[in-house]
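Structure first, then comments.
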Amino acid sequence: MSLIRALNAELLKLKRTLAIRMVFVTPLLVATLLFFILWERRNVKPDFDLWDTLIKISLSSWAVFMMPLLITLETALLNGLDHAEKNWKHIFALPIPRHAVYAAKLIIAQGMILASTLFLMILAILIGVFFKYWRPDMAHAGAPPFGLIFKQAALVWLAAWLLIAIHTWISIRWAGFALALGVGMGGVFFALFAASAKVGKYYPWLLPVNVLSEERMAMALWLGALGGLIVAVIGGWEFVRRDVA
1412 MSLIRALNAE LLKLKRTLAI RMVFVTPLLV ATLLFFILWE RRNVKPDFDL
1462 WDTLIKISLS SWAVFMMPLL ITLETALLNG LDHAEKNWKH IFALPIPRHA
1512 VYAAKLIIAQ GMILASTLFL MILAILIGVF FKYWRPDMAH AGAPPFGLIF
1562 KQAALVWLAA WLLIAIHTWI SIRWAGFALA LGVGMGGVFF ALFAASAKVG
1612 KYYPWLLPVN VLSEERMAMA LWLGALGGLI VAVIGGWEFV RRDVA
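One rule links them: number in the working numbering = place in the sequence shown (from 1) + 1411.
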């Protein structure tokens, strides 16, 4: 019951905020890029797989760049509300365990990233259906493989648990919006150089995109999901023991 009350409180605070709008705006940017990539593609070969191309382009663009930035922004906005309004003393005085408050913030962050990822996949399916009927050279594409599409999206989200846990802890622990944003942007920047390195399969900001590689998928899932749980427990423990600022 404490967790449910904490979740309701967090959802109420998010109403009419930028955090909710970004759940839908960010996937639209990736979908727009996907649309124009297919629009400009000419001389499509008979063996062209429309749905495979849509999955690869949309999820790779999402996982390597937009999703990490969205996680940074959403967690910073979610917890920035309490920092800006000096709400921590009030929150800690409520008859709700601190661990329930921390868990609620983490679950809300995970839920927003999952919703955004699924929304991107819905947009990708709509784009695929459009090109299937509008472009004769892509008309041979069959029905959308819904199972495969949403399975891949779920794997990308699972691998992002570690990243979500890291940014949730940072945005709760430190009040500065610039710090959280700087860590996120720095992580994405170094990911561009670490992608081809051996250490890249362990790098948190690359775990979501590593899921799309058969060679790195198992490691990405283990590090992302299990690492996310471990960091969440550590962050929650620190939050429970922390003095009120």
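Beta carbons: idealized from backbone N, C-alpha and C, even for Gly. No experiment lies behind these values; they were computed from the predicted model shown.
Within the same chain, show all residues whose beta-carbon is closer than 7 Å to that of residue i, passing over the 5 residues directly before and after it, in chain order.
i            : result
residue 1518 : 1418
residue 1656 : Reliability of the predicted coordinates at residue 1656 is poor, the pLDDT of 49 falling under 50, and no value is obtained from them.
residue 1525 : 1568
residue 1620 : 1471, 1474 and 1475
residue 1578 : 1482, 1483, 1486, 1591 and 1595
residue 1634 : 1573, 1613 and 1618
residue 1437 : 1477, 1481 and 1527
residue 1429 : 1488
In terms of residue numbering, what span does the alpha helix (DSSP H) encompassing residue i cover?
i            : result
residue 1594 : 1588–1605
residue 1618 : 1618–1621
residue 1438 : 1429–1451
residue 1507 : Segment: none, residue 1507 is in no alpha helix (DSSP H) and carries neither H nor E.
residue 1570 : 1557–1570
residue 1652 : 1638–1652
residue 1416 : 1413–1425
residue 1608 : From DSSP, residue 1608 is part of no alpha helix (DSSP H); its letter is neither H nor E.
Among the residues of its own chain, which have a CB less than 8 Å from the CB of residue i, if the five just before and after it don't count?
i            : result
residue 1464 : 1449
Please report the distance separating the alpha-carbon of residue i from that of residue j.
i            : j            : result
residue 1500 : residue 1493 : 10 Å
residue 1520 : residue 1454 : 42 Å
residue 1585 : residue 1649 : 12 Å
residue 1516 : residue 1532 : 25 Å
residue 1645 : residue 1510 : 11 Å
residue 1475 : residue 1466 : 14 Å
residue 1608 : residue 1548 : 38 Å
residue 1408 : residue 1623 : Residue 1408 lies beyond the range of the chain shown here (1412 to 1656); nothing can be said about it.
residue 1652 : residue 1592 : 25 Å
residue 1598 : residue 1616 : 6 Å
residue 1636 : residue 1468 : 23 Å
residue 1554 : residue 1544 : 12 Å
residue 1562 : residue 1424 : 31 Å
residue 1451 : residue 1632 : 34 Å
CB residue i to CB residue j, shorter than 8 Å?
i            : j            : result
residue 1570 : residue 1640 : no
residue 1470 : residue 1567 : yes
residue 1642 : residue 1589 : no
residue 1582 : residue 1490 : yes
residue 1479 : residue 1595 : yes
residue 1461 : residue 1535 : no
residue 1638 : residue 1514 : no
residue 1610 : residue 1523 : no
Ignore the nearest five residues each way along the sequence and tell me which others in residue i's own chain have a CB closer than 6 Å to its CB.
i            : result
residue 1628 : 1622
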